[in-house]
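**Q** I have a structure here, written as structure tokens, and I will follow up with some questions on it.
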Amino acid sequence: MKTVIVLALALLSGVVYAAPDAARLQELQAATKACKAKGFKTVGEQEDCVHAAYVKINSDTPARGTLYAEKNYKGFSKAQAEGKLLSLKKEYDKAPKGTYFQASKKAGAVDRVSILNEGWWLQTNILGARQTQGDPWFIECKDGAKTLNYVRRCPLGKGGAK
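Residue numbering for the sequence shown follows numbering that gives the first Met the number 0, beginning at 0 and increasing consecutively.
If you want it as structure tokens, here you go:
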């Protein structure tokens with residue numbers, strides 16, 4: 000039984016260390032310690048406690064990505080969204096490559112996939128673009144007719160002009 004508890008705690012600590020934000024990391028660690036201190040009779044009860052705490056923490060301060068974008072960028076205008084896309088592009092260029100798997104991420108580091116998800120949320124929900132393959136670092140061109148199967152991409156920062 001002790002082996003199962005140690006294994007479960009090791010897995011949970013691995014998840015905690017993959018958290019993308021240092022403040023969230025501390026909250027998750029505190030929640031895990033608090034659940035351990037309650038002295039549950041079974042591992043399942045302890046896991047339920049930890050899971051409930053994680054759900055609450057993730058809803059209050061979501062990790063970077065789509066939920067983060069929805070919470071923080073919801074009221075943006077099109078100009079603000081374009082400006083945010085420019086800053087996200089710079090952040091994306093500086094983000095470490097190869098952090099697709101959560102275990103390879105360092106605590107506090109933001110991965111490229113999360114930044115891409117934020118960019119696509121801005122594109123689809125604020126700018127009204129259709130999500131396509133590739134990156135969201137563009138703005139649809141204003142000149143020319145829109146078609147159903149082709150997206151005319153213009154560079155960011157020019158407001159849709161070539």
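Ideal Cβ placement from N, Cα and C applies to all residues, glycine included.
Considering only the beta carbon of each residue, do GLU90 and ILE56 sit closer than 9 Å?
**A** no
**Q** Return the Cβ separation of ALA30 and ALA52 in integer angstroms, given the expectation that the two are a contact with Cβ distance under 8 Å.
**A** 4 Å
**Q** Would you kindly work out how many angstroms separate the C-alpha atoms of VAL14 and LEU24, rounded to a whole number?
**A** Any reading at VAL14 is ruled out, since the residue's pLDDT is 45, under 50, leaving its predicted position unreliable.
**Q** Could you give the DSSP three-state label for ILE125: helix, strand or coil?
**A** Coil.
**Q** Under 8 Å, with one C-beta from each stretch per pair, do the region 65-77 and the region 115-128 reach the 3-pair mark?
**A** yes
**Q** Let me know the beta strand (DSSP E) ranges lying completely inside the region 65-103, each 3 residues or longer, listed in chain order.
**A** none
**Q** For LYS141, tell me which candidate among ALA108, GLY133, TRP120 and CYS153 has the shortest Cα-Cα distance.
**A** CYS153
**Q** Just checking my contact of LYS35 with GLN45 at CB under 8 Å: how many whole Å lie between their CB atoms?
**A** 7 Å
**Q** If you check the beta carbons only, do ILE133 and LEU84 fall under 9 Å apart?
**A** The sequence given here has Gly at residue 133, not Ile. Taking 9 Å as the Cβ cut-off, GLY133 and LEU84 do not qualify as a contacting pair.
**Q** I'd like to know whether the C-beta atoms of ASN116 and THR60 end up nearer to each other than 9 Å.
**A** When the beta-carbon positions are compared, ASN116 and THR60 stay at least 9 Å from each other.
**Q** Which residues mark the beginning and the end of the alpha helix (DSSP H) in which LYS40 is found?
**A** Where LYS40 is concerned, there is no enclosing alpha helix (DSSP H), given that its DSSP letter is neither H nor E.
**Q** Have a look at CYS37 and CYS48 and give me their C-alpha separation to the nearest angstrom.
**A** Position check: residue 37 holds Lys in this sequence, whereas Cys was assumed. Taking the straight line joining both Cα atoms gives about 9 Å.
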